[in-house]
Structure formats: structure tokens, C-alpha cells
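Line by line, the protein sequences are chains A and B. Under the working numbering, the first residue of the first sequence carries the number 1, and numbering increases by one thereafter. Under the working numbering, the first residue of the second sequence carries the number 1, and numbering increases by one thereafter. One structure below.
2 protein chains.
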Amino acid sequence: MVLEPTIYDIAHRAGVGIATVSRVLNGASGVAEATRRSVQKAMTDLGFRPNRAARRLAVRGPNRGRVAAIMPFFSTNFYFAVCKPLAQGLSAADMDLVLYDVTNRDSKIRLLDRIAAERSYEGILVCSMGIGPERQSQFARLGIPVVCIDYPLQGLPSVTVDNREGAAMAAAAMRDGGSRRLSLVTGPPALAFRHREEGFARIAGPDSPVARAEAITREAGRAAAAALLDGHPQVDGIVTVNDVLAVGVLEELRARGRRVPEDVQVTGFDDQPLMDVIGLSTVRQPMLALGEWAARAIQSLIESPRTPVPSAELSLSFIARATTRARATTQPAPATAGKISRPRLKAQLASKPVGKKGGE
Amino acid sequence: MVLEPTIYDIAHRAGVGIATVSRVLNGASGVAEATRRSVQKAMTDLGFRPNRAARRLAVRGPNRGRVAAIMPFFSTNFYFAVCKPLAQGLSAADMDLVLYDVTNRDSKIRLLDRIAAERSYEGILVCSMGIGPERQSQFARLGIPVVCIDYPLQGLPSVTVDNREGAAMAAAAMRDGGSRRLSLVTGPPALAFRHREEGFARIAGPDSPVARAEAITREAGRAAAAALLDGHPQVDGIVTVNDVLAVGVLEELRARGRRVPEDVQVTGFDDQPLMDVIGLSTVRQPMLALGEWAARAIQSLIESPRTPVPSAELSLSFIARATTRARATTQPAPATAGKISRPRLKAQLASKPVGKKGGE
DNA sequence: TTGAAAGCGTTACCAC
DNA sequence: GTGGTAACGCTTTCAA
């Protein structure tokens, strides 16, 4: 890589002093028009870009805390929701949040390499992905704290949820609602999804059919449901690892004329906004709490690096709405129960948490 | 403000050289344990925080482009959608995107002051808000380009949409669908909303009832609808400046037993995700194009500051779904039209653009 | 194991 | 108007 030109190069080329270059750079008055032009020409000729670090050093710019957040930001509303408290917490602590949308391993590695080389952040937040032990010790050596969100990692403070338990709750609810042939629609490879698959299998049994959506989109969810139903027409309950996928599943079901929840029950995961108006039964994630926890953790580690932060696991709750049936009770239900207590999807606007430990 | 301690202070206090302090700082090997401890003590005593700029300057860290994006990021899904192409465009151009969630005038001013003082960004993106002429010339003097999104501003390149036209399209669709008493639910003061109010008034007449929601939330939308309907029970069409507000309006309507679209039609604005499954008729914003345009514009201005970028206005389109009625035609409709061509909200999963100029 | 000193690329002050 | 020249706070040889 060729060296970037500096004001010395510009000054040299334009035949002036560096002070003059600096003046032109800052639009200061008191520079002859001819001089200014020749300096500017030299700058564009050489493709000059002022060095921000040098500039800040010279102006004694404030040394604001900066934390980098690394995650597949735009892949799901989940990240948006987590980032909100994160951004607010950090800005309250007078720190900047730099968001890196990272969707694959390679770009993650490149980014972490760069961050380590630049030493440009006071803290790093890694969401839904892990970092290797060498990387961990690299950052430890550099004194840059790392906090994990939604990903359990040995040796690093992390906030997680019990994804296995969450999926198990969803599957159990379906079984309680009378589904006998449970199935799963999962997403692209990811640890959280794998755990949800395990939780599902714990309740539904290891041989229950599973379809994998190629992406976290409605279209992919619908396609996965189609494949699933083609292969296993008798399926009467579909657990899903994500709300958006679940919406796709609902679309496919509707297209096939299968009634929900009468013929087949469906659950999502996350409880993202609007799921209540859609009436989707789902597993609620405490995104607000996840973000708040992470903001506090990274702050604490930046301020007092020697005080360790213990990891935390927040609880999930199952939200029963219109895509699942109520528990089959031993006492006979009133004759009209099917009509009265099971509103059609559309009418279901309220929600009733059926929590496990009951805290967000 | 008191000066931050530097490694010189630490070295002095610990009775060592600055090189040693640096070594401790970087976890380098080859420092006597006793020395390391005394240095660390000095650091915590003085509350030392390494200066990032100096560090980067010394290690000749790469001078990556950084652009700051300033917007009420978490207030609406709109910003999320706009930021996606923005982030992708910038990262493709090897620049970092620093997101600032700014919701009020004061914090905006503070932030811009700081940014100007730090000179820490190569470009600035301002979304849904304006900046004064003094501020503009300040940044012009500093040579930092500014691009506006969703806000027309004299003298600055901006991408906008015709909000008046958008709201007018929505109101016109309702009128065509037979509504005679149109009304508007708007949001907190904002230029875009004001323009939509104007566009609405152009079609509905200046005396049509207007209710203002206190925030862009479903609850606020519902409350505004309640106030509106209490004061004007005969209202048979509610134009809304935002999808989320519209969802709140639908909830209130349902609670009052008013049928949609038979008794009252409703439209939203934005066409955010899931609005199709909810069946909301709305005005689609080209968020993708807005973000892409902004990314290109700021890139261009950073690379060739002397080449002006002309502002652009992208077009909006009205998406008719289940919350509005089809146009009343002169030829009599088939008897079953009400049932067949007007599916209930829930069933409406497809959408049919009814564009104006037809481009996203 | 430690320290002195030379950069790193700007800005800003002070002469000319 | 313009050019020298100290800072700015850190990393990194090079000697000791």
C-alpha cells in the first residue's frame, strides 16, 4: 500500500509552507487567491485526504468513548430493538456507538483485524456471533473489553437467553393445544437457531420433521413451509425460530386452505412489533433488557477494567395468541368456547403472557 | 475542563519512562512485575485513558472515511429501512457509518457543535431535519459535505419525496372510494408531517377535522383516533401520516365496532414491512432509493468536493389494500363485488401499486 | 528490563 | 500573506 500524501507533500508540490496548506484546508481567510488555487490543485492532484487522527490530536479534540457494535444488523428487527436501549445507554454515558453490519465470517474477521490494528474503540459489542480464543486474548492484551450479546462465550461476559427452553415452551404449548405431529421451520445456520432446534426436539422428539429456510424472510419461510407440508401433509403444528419466518408459514398455510389454529398451530420467536396485531403466538425475547444489560456491561468494563462482569441469562416467555389453541383441559370446555375464547386471528389484539420466570 | 492525564503524567508519578508506560498499556512482555503494578496503580489513580487519536497517529492507522448520520433513528421503521442501503453503500465504499440517534433540537445542536469542533467526519448525513444557514456555511468552510435526506433544504443537496402529493393521493383514493367526510391523524410537529397535512387539506378541504398524535406509536394513534371520533362521529375516512399511527387507528375503530373499510376507510404512510399482511392501504415511500441516493451523494461529495450534486425528488405511490374501497365506477359493479373483490383485511396478502410516476 | 528520542500529520502561534 | 516551528500524546526503535 502506497503512503497517503501529507500536507508536506502538498506544500512541496505547491511550493508553499505547510502552514499555508493547513490554512487552505481549513478555509481560513488571509490566503491569496492564487496560492489557494495552486494548493487546491496540488491536493486534488495527489488525492490528498487529511488525517483525522493527526487533526484531532492537534486540536486536542475530546477523547470521546467509542464502542463498536458488530452484528447482522439488518437481518432482523431483533437487532434494531436491541440497539435502541444500547444507543440510549451509551449516549447517556457520553459514548459513541459505531454500528457495523456484519453478515458473514469473512467480513467479521476482516473487521476485527482492523479494529485491533487501529485500536480505535474503547469497547466492542459482538452480537449473535462468537470470537475465537486467540482473538479474545488479542483484545485482552490490548485492553479492549468485549461483551457478547445473544451468544454464550467462554471467558467473555455475555447476555443470553435460553433458546432451548424458549423453543421447548413453544412446542409444549402446541402439544398442550392438541398437536400430535409437530414440525419445525428453522433458519440459516446460527447458534441461536441450533439451540432452538434442540429445544424443539426435546419436546417433539428427534424425528420430527424440520425444514430450513434459506434466509430470514417471509418468502423463505413460506418456501420452507411448502417443502415441509409437501413432505409431511399430516403436520398439525409448526414451530418456527423467528417471527418473520412464521408469517411466511402462515401465508403458505392460508394458500393451502389449512386453517390456523384449527388445522395447524403456528408459533414464532422474538415477538417483534406488530406480532400482536397479526395474532401470532410467539416466544418473547427481552430485547430491551438485552440492550440495557450490554450497555451497562461495556460501560463498566471500560471504566473499571479490573472489575469482572458476570454473564447473565435473561428469561423468555411464551405469548399465546391466535395461532395456537388453548390448553386442552380435563374439565369439559363450554360449548361455545371455540367461538368465544378463540377469536379469529384478525380480532386478536390483546396478548396474554404465559411466562416461565416472568421477568423481562 | 481539567486536562486529561497523559503517559507523561503516569510515567512521572510511577517514576518510570514513558516507554515503560506504553509497554504496560499495550500488554507488552518484558516489563518487571513490580514496575507494571506501579504503573497500573498510577494509571488508575489518575484515571488515565489513552488518547485514541495519538495512538492512531503513532501506529499510522488507516484513515478510513467516516460519515455521521443524524436522525431520530428509533422513532420509526422508516429510518431503519433507509439506513440499510446507506450502510451497505458506505461500507462498499470502505467508509464507516456512525449513527446518531437525535430526537430533539438541543441535542442536534450540541452534536453538530461537537462534530464541527472535532472535525472527525468526512461527511454528514442529516435525515428529516434541517440545519441553519450559519451551520451550513460553517461546514462548508470546514470542507465537510452535508447531505439531507427527507428534508428539502436550500443550498444543500437533498433527496426528498413529495409528501403533499403522497397525502393527496391517499385522500383522493378515499374520496374515490366514496368517503365524504375525510379526516386526518397526524403526528408530532415535523416538516414531512406538515406537508402531508397540506396535501390532505388540498383534497379534503381546509376545514376537515385533524387530530394530532403525541408520538409515533400505536397507542398515540389510537388515542388520536378516539379524540377524532368523539368530536366527529360522522367521519368516514381517516388519512394518517404514518403506518404505525394507522394501526392504532384501526384498533380504535375495531374497538368501536366501526367496520373497515365499509364504514370508514383508513390509509397509512410509508408502507413499512408487514403492512401488506395487515392489509393497510398506504403510501409507499422509496426508502431503499432514498438511502442509496444519499450514500452515492455523500460519497461523491467526499471524493470530488468541487462537483456539485443536484437534489432529487423521488416519487411516491399509493398502495390500495384492504382498508380502502375500490373506486366507485360509473358502470354498475357486479352484485357480489363487495364480497369478492373486497377481501376482509386478513385475507389481503397481495398488493397492487397504483403509482403516480411509477418509480421507486 | 528500562529510558531517550525520533517520528506520526496536523494545527496554531509567532515572526517576517 | 506566508513560512518556521513548537506542540498534541502515543508507539517504537536503539542503546544502555
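Where a beta carbon is used, it is the ideal one built from N, C-alpha and C, also for glycine. All values derive from a computational prediction rather than experimental measurement.
**OP:** Note down, in chain order, every chain B residue with its Cβ under 8 Å from the Cβ of A/V247.
**Re:** L274, V277
Original post:
Is DSSP giving B/G199 helix, strand or coil here?
Top reply: helix
Original post:
In the structure shown, what three-state DSSP assignment does B/D236 receive?
Top reply: coil
Subject >> Closest by C-alpha distance to A/V147, when choosing among A/C127, A/N163, A/R164, A/D162 >> reply: A/C127
**OP:** Could you check which residue in A/E4, A/R36, A/L3 has the C-alpha nearest to that of A/A19?
**Re:** A/R36
**OP:** Pick helix, strand or coil for A/Q265, following the three-state DSSP scheme.
**Re:** strand
Subject >> Three-state secondary structure (DSSP) of A/I131 >> reply: coil
Original post:
In the structure shown, what three-state DSSP assignment does A/L280 receive?
Top reply: coil
Subject >> Three-state class that DSSP yields for A/S183 in the structure shown >> reply: strand
Original post:
Can a CB atom of chain A be found closer than 7 Å to the CB of B/V98?
Top reply: yes
Original post:
Would A/P85 pass as a contact of A/L46 if the rule is Cβ separation under 7 Å?
Top reply: no
Original post:
I think A/E118 touches B/P50, with their Cβ atoms under 8 Å apart; what is that distance to the nearest whole Å?
Top reply: Incorrect: roughly 13 Å between the Cβ atoms, too far for contact.
Original post:
What does a CB cutoff of less than 6 Å around B/G123 pick up in its chain, not counting 5 residues either side in sequence?
Top reply: V67, P145, I298, I302
Subject >> B/D9 at chain A interface by Cβ criterion, 7 Å >> reply: no
Subject >> B/R321 classed as buried or exposed, judged by whether at least 16 other C-beta atoms fall within 10 angstroms >> reply: buried
Subject >> Assigned secondary structure, B/Y121 (DSSP; H/G/I helix, E/B strand, else coil) >> reply: coil
Original post:
Going along the chain, which residues of its own chain have a beta-carbon closer than 7 Å to the beta-carbon of B/G231, five neighbours each way excluded?
Top reply: P209
**OP:** Can you tell me which of the three DSSP states B/T324 falls into?
**Re:** coil
**OP:** Report the three-state DSSP secondary structure of B/Y100 (helix, strand or coil).
**Re:** strand
Original post:
Roughly how many whole angstroms lie between the Cα atoms of A/Q331 and A/A294?
Top reply: Because A/Q331 sits at a pLDDT of 46, beneath the cut-off of 50, its placement in the model cannot be relied upon, and the point is left open.
**OP:** Select from the segment 148–166 of chain B all residues with a C-beta closer than 8 Å to any C-beta belonging to chain A, and list them in chain order.
**Re:** none
Subject >> Interface residues of chain B facing A/R49 [CB-CB closer than 9 Å] >> reply: N63, G65, E122, I302
**OP:** Give, in chain order, every residue of the segment 125–149 of chain A whose Cβ lies closer than 8 Å to some Cβ of chain B.
**Re:** A140, R141, L142, G143
**OP:** Tell me where the beta strand (DSSP E) around B/Q160 begins and ends.
**Re:** Residue identity check: residue 160 of chain B is Thr in the sequence provided, not Gln. 158–161 is the span of the beta strand (DSSP E), which, as asked, contains B/T160.
Subject >> Own chain partners of A/R196 with C-beta closer than 6 Å, once the 5 adjacent residues on each side are dropped >> reply: N163, A167, V241
Subject >> chain A contact residues for B/L57, given Cβ-Cβ distances below 9 Å >> reply: N51, A53, A54, R56, L57
Original post:
Cα-Cα, which of A/L228, A/T267, A/T217, A/I238 is closest to A/G248?
Top reply: A/T217
Original post:
Which of the three DSSP states, helix, strand or coil, is assigned to A/I144?
Top reply: coil
Original post:
Which of helix, strand or coil does DSSP assign to B/A312?
Top reply: strand
Original post:
Are any of the Cβ atoms in chain B nearer than 7 Å to that of A/D364?
Top reply: Examination of residue 364 of chain A is not possible in this model, given that chain A is present from 1 through 360 alone.
Subject >> Classification of A/K108 by the beta-carbon crowding that lies within 10 angstroms, buried from 16 upward >> reply: buried
Subject >> Span of the beta strand (DSSP E) around A/I70 >> reply: 65–71
**OP:** Taking only beta-carbon positions, decide if B/R119 is within less than 7 Å of chain A.
**Re:** yes
**OP:** Please check if any C-beta of chain B sits within less than 7 Å of the C-beta of A/K41.
**Re:** no
Original post:
Looking only at DSSP bridge pairs, what is B/I149 linked to?
Top reply: B/C127, B/V159
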